[in-house]
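Residue numbers (the working numbering): 355 to 572. Think of the CB as a built atom: it goes at the ideal place given N, C-alpha and C, for glycine as much as any other residue. Please read these numbers as outputs of a predicted model, since none were measured by experiment. Below you'll find the structure, written out as C-alpha cells, and then a few comments.
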Amino acid sequence: MKIDKNSYGSIALVYLVCAAVFLSIVLLNAPLWLRIAMAVLLVAICIWQTAFFRVPRRCPAGDSRNVSSVADGKVVIIKKVFEQEYLKQDCIQISVYMNFFDVHANFWPVTGDVTYHKYYPGKHFLAFKPKASEENEHTCTCIRTEDGHDVFFKQLAGTFARRIVNYAKFEDNAVSGKQCGIIKFGSRIDMYVPLDSRIAVKLGDKVRACETILAELQ
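Printed below as a string of C-alpha cells:
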C-alpha cells in the first residue's frame with residue numbers, strides 16, 4: 355500500500371499518541387479486560403489512520419476532454435456560478451464532499467498545463483457549508499487543456515482539516531489520474547468547468563477520484 359509522501363509524520367504522531375495512551379493504562383494497573391479493549395481500539399485507530407493517508411491504485415478515466423473527480427466523496431453542489439478569482443466568468447461548479455472515511459489523496463482531473471496556483475490561509479467552517487468556499491483555508495489551481503479549456507478547482511479545508519498539500523507548480527504538466535495532493539481529514543473539492551460542459555453526475559452521487567467522470571468538455 356502506497357502512503358502519501360507528506361503524511362509519514364502525521365501517521366507517526368498517531369502511533370506515538372496511541373502508544374502513550376496504552377502505556378498509561380498499563381502503568382495505572384487497569385483491569386485486564388480494559389487493557390485488551392483499549393489495545394483493540396488503539397490498533398484499529400492506527401490501521402484507520404494508515405489507510406486514511408493511502409494513495410490507492412486507480413484506473414484513470416479522465417483525459418484532456420473528460421474531467422474526472424479530484425477526490426472520493428459525495429456530490430453536494432452542482433450550480434451555475436461566477437468564478438471571480440481567476441477565470442472571471444460564469445461556470446458550472448461541481449463540489450465533492452469528503453468525510454473521515456473517504457480516501458483523501460487528490461488527483462489531477464484533466465491533462466494540461468498548470469496556469470494558476472495559489473494557497474490561502476483561512477477559517478475552518480464545516481466543509482459542506484456554502485461560505486466555506488470563500489472563507490475556509492483553501493488552495494486554488496487551474497489547468498488549461500490542449501484545446502484551451504480551463505478547469506479550475508479548490509481544495510477546501512473543513513472543521514478538522516488542518517493541512518492542505520498541493521504539488522502543483524506554475525507551468526507544470528498535469529496528467530489526469532496522477533496524484534496532485536492531499537487534504538488531511540474532512541474537507542471538500544470545488545470544481546469549475548465551462549458552461550457548455552456536459553455534466554455527467556447528479557446531486558447525491560458517490561464518486562471516486564480518477565475513475566468517475568464529472569463532466570465532458572465540449
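Asked, Found
"Pop quiz: Leu-571 and Pro-548 are said to be a contact at Cβ under 8 Å. What is the actual Cβ separation, rounded to whole angstroms?", "6 Å"
"Between Phe-524 and Ala-554, what straight-line distance do the alpha-carbon atoms span, to the nearest angstrom?", "29 Å"
"How about Lys-428 and Lys-560: do their beta carbons lie closer than 7 Å?", "yes"
"From this set, Ile-431, Glu-439, Val-505, Asn-527, which residue's C-alpha is nearest Gly-558's C-alpha?", "Ile-431"
"Taking the alpha carbon of Ala-398 as the reference point, which residue from Arg-412, Val-421, Leu-382, Cys-372 has its own alpha carbon closest?", "Cys-372"
"What's the C-alpha gap between Gly-466 and Arg-408?", "25 Å"
"Go ahead and pull the three-state DSSP assignment for Arg-419.", "coil"
"Pair every Cβ in the segment 496–510 with every Cβ in the segment 458–473, then say whether three or more of these pairs are closer than 8 Å.", "yes"
"Since Cys-400 and Tyr-369 are thought to touch, with beta carbons under 8 Å apart, how far apart are those beta carbons, to the nearest angstrom?", "6 Å"
"In angstroms, rounded to a whole number, what distance separates the CA positions of Arg-419 and Val-464?", "7 Å"
"Between Lys-508 and Asp-544, is the Cβ-Cβ spacing less than 7 Å?", "yes"
"Using alpha carbons as the reference points, say which of Asn-383, Leu-377, Arg-411 lies closest to Leu-641.", "Look at the range of the chain in this structure, 355 to 572, and you will see that residue 641 is not part of it."
"On a Cα-Cα basis, can you pick out the residue from His-503, Ile-536, His-492 that is closest to Phe-461?", "Ile-536"
"Out of Phe-506, Arg-412, Ala-563, Lys-359, which has the shortest C-alpha to C-alpha gap to Phe-436?", "Phe-506"
"Could you pull out every residue in the same chain whose Cβ sits closer than 7 Å to the Cβ of Ile-379, ignoring the five residues on either side in sequence?", "Leu-388, Arg-389, Met-392"
"What residue range is occupied by the uninterrupted alpha helix (DSSP H) comprising Leu-395?", "386–406"
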